[in-house]
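Numbered according to the working numbering, the sequence shown spans residues 2 to 137.
The next block holds one structure in the form of structure tokens; read it before the comments.
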Amino acid sequence: YMNNYLRHILLPVFVGFLIFTVTCLISSDDVPQLPQIIAWDKIAHFGMFFVLSAVSLFDYYRLHNGRPRMSRWVFWGFILPVIYGAAIELMQKYFFSSRSAELADFLADLLGSLTAWLIALFLYKKNRKQEKKLSL
2 YMNNYLRHIL LPVFVGFLIF TVTCLISSDD VPQLPQIIAW DKIAHFGMFF VLSAVSLFDY
62 YRLHNGRPRM SRWVFWGFIL PVIYGAAIEL MQKYFFSSRS AELADFLADL LGSLTAWLIA
122 LFLYKKNRKQ EKKLSL
């Protein structure tokens, strides 16, 4: 169990958070400019937090053999990423002069995590229904 926990949870989380944190804290001047068709940085925030939550949700689901404890699953896959997004924005505001905090960035983070959670919940319920049909 501990080897699986280290391999499937701790190592990916550590590497992911490291990459994530560096990406969120580098100066926006270092990022190539794209045409302003849409606020690409909000799409990036949404996408990064969607992936972060989706990976967390999937790994937790897999680690618990498809029977996650719902309150913990919500915590690891949704609440913790949202808290992390808020912490990144606060660090940008108070500790990094080359970055600025934006409520819209946090909302994009929140929506990315929420979307991943809703998809995971839908797939979980769908899978449970199929299991019940098979057991009849």
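We put the beta carbon where it would ideally sit given N, CA and C, even for glycine.
These figures come from a predicted structure and were not determined experimentally.
Cβ-based neighbour list, residue i, same chain, cut-off 8 Å, excluding 5 preceding and 5 following
{"i": "Leu-111", "result": "Phe-50, Val-83 and Gly-86"}
{"i": "Leu-124", "result": "none"}
{"i": "Ile-120", "result": "Ala-55"}
{"i": "Phe-18", "result": "Tyr-85"}
{"i": "Leu-81", "result": "Ser-57"}
{"i": "Gly-67", "result": "Asn-128"}
{"i": "Thr-22", "result": "Ile-89"}
{"i": "Val-14", "result": "Ser-57"}
Collapsed DSSP secondary structure at residue i in the structure displayed
{"i": "Phe-97", "result": "coil"}
{"i": "His-46", "result": "helix"}
{"i": "Gly-70", "result": "Here the sequence assigns Arg to residue 70, which means Gly is not the residue at that position. Coil."}
{"i": "Glu-103", "result": "coil"}
{"i": "Ala-40", "result": "coil"}
Own chain, CB closer than 7 Å to residue i, minus 5 neighbours either side, in chain order
{"i": "Phe-76", "result": "none"}
{"i": "Ala-109", "result": "Lys-43, His-46 and Phe-47"}
Cβ pair residue i, residue j closer than 8 Å
{"i": "Ala-1", "j": "Gln-93", "result": "Beyond the ends of the chain as shown, which are 2 and 137, falls residue 1; an answer cannot be given."}
{"i": "Glu-132", "j": "Phe-107", "result": "no"}
{"i": "Gly-113", "j": "Ser-57", "result": "no"}
{"i": "Phe-79", "j": "Trp-118", "result": "yes"}
For residue j and residue i, believed in contact at Cβ under 8 Å, the rounded distance
{"i": "Trp-74", "j": "Tyr-61", "result": "5 Å"}
Contacting residues, own chain, Cβ-Cβ under 6 Å from residue i (five flanking each side not counted)
{"i": "Thr-116", "result": "Phe-51"}
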